[in-house]
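The sequence shown lines up with residues 1 to 265 when you count with UniProt numbering.
Note that the Cβ used here is the ideal one computed from N, Cα and C, for glycine as well.
Before any comments, here is the structure.
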Amino acid sequence: MQDLSFFTTGDGVRIAYRFDGDASLPVLALSNSIATTLHMWDGQIAALSKRYRVLRYDTRGHGGSEVPAGAYSMDRLGRDVIELLDALHIPRAHFLGLSLGGIIGQWLGIHAPGRIGHLILANTSSYLGPAPQWDERIAATLSAPDMNETAEMFLGNWFPARMLRAGGPVIDTFRAMLLATDPHGLAGAFAAVRDTDLRRTIALIPNPTLVIAGRDDTVTAASHGALIAATVPGASLLELPAVHLSNVERPAEFMEAVLTFLPAR
């Protein structure tokens, strides 16, 4: 597997990224859920890299990227993507984001629509308030002795009970991602979500947009996806029988939707 590469953002944070696919292909950028790494997309890379030069990166505070102290903002997370594209001399890329990655995608569609082509927003929301619940979660994350309890909470939110009971390599992989997540990076990202409300401004997104929602998602409810699709002009909506990580739980249906929506060139 290709090693990670790195670039440094305008505010001095080292961000990890990697490419898959031939350099002559159009670029598709992937953005991760909170508390995961770019490896959350491993199951999609074989198919995607046949048609696209796939660019994955670790959100600041996660994976191989640095963990700056304090609260993060959605503006900063969005600018990280723009600066990554700039550093790699990529004028425009299609963008697929899930959960936190989908919120970043919405920010890009509002603030930098010329830098992205087609936009896919999976299992995400334009608003996940109110703020006090996030303050409590941040405090609990930073005061916990380890990530064990947090990891089990996330797994319960991400996957159906049958998958958790069965266990196996997929669950083990995501548990390992969670346990390796720095609490300060997680808390910083929680703060960015806490302070974000894009419910009105996503009406400004001009890009062709596909929204994928999970019927049984308790984090970013299917109704949240429906609201995004109803607000972004011309957006289409697909609801899958899934919980939160629909690309992992329903990989065939997820990939069919993505490849059907994205232009081949």
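Asked: When Ile34, Met74, Thr8 are compared against Asn123, the one with the closest alpha-carbon; Found: Ile34
Asked: Euclidean distance between Cα positions of residue 281 and Arg56; Found: What is shown of the chain runs 1 to 265, which leaves residue 281 out entirely.
Asked: Ile205 - DSSP class collapsed to helix/strand/coil; Found: coil
Asked: Per-residue burial, Thr36 [other beta carbons within 10 Å of its own, 16 or more giving buried]; Found: buried
Asked: Inter-residue spacing [alpha-carbon to alpha-carbon] between Ser125 and Ala131; Found: 15 Å
Asked: heavy atom of the ligand GTP below 6 Å from Asp197 C-beta; Found: Among the components modelled here there is no ligand, and therefore nothing to report on the ligand GTP.
Asked: Arg79 burial status per 10 Å Cβ neighbour count (16 or more: buried); Found: buried
Asked: Nearest-angstrom Cα separation, counted from Ala71 out to Asp217; Found: 26 Å
Asked: Nonlocal neighbours in the same chain, by C-beta distance under 6 Å from Gly225, ignoring five residues either side; Found: Val211, Ala213
Asked: C-alpha distance - Met74 paired with Thr59, whole-angstrom precision; Found: 11 Å
Asked: Counted within 10 angstroms of its Cβ, other Cβ atoms place Pro208 as buried (16 or more) or exposed; Found: buried
Asked: Nonlocal neighbours in the same chain, by C-beta distance under 6 Å from Leu96, ignoring five residues either side; Found: Leu30, Ile120
Asked: Endpoints, the alpha helix (DSSP H) within which Thr173 is located; Found: 169 to 180
Asked: Minimum C-alpha distance to Pro26 - residue among Pro233, Arg92, Pro68, Ser246; Found: Arg92
Asked: CA nearest to the CA of Ser223, picked from Leu240, Val81, Ala23; Found: Leu240
Asked: Complete beta strand (DSSP E) runs within the segment 127 to 164 (minimum length 3 residues, chain order); Found: none
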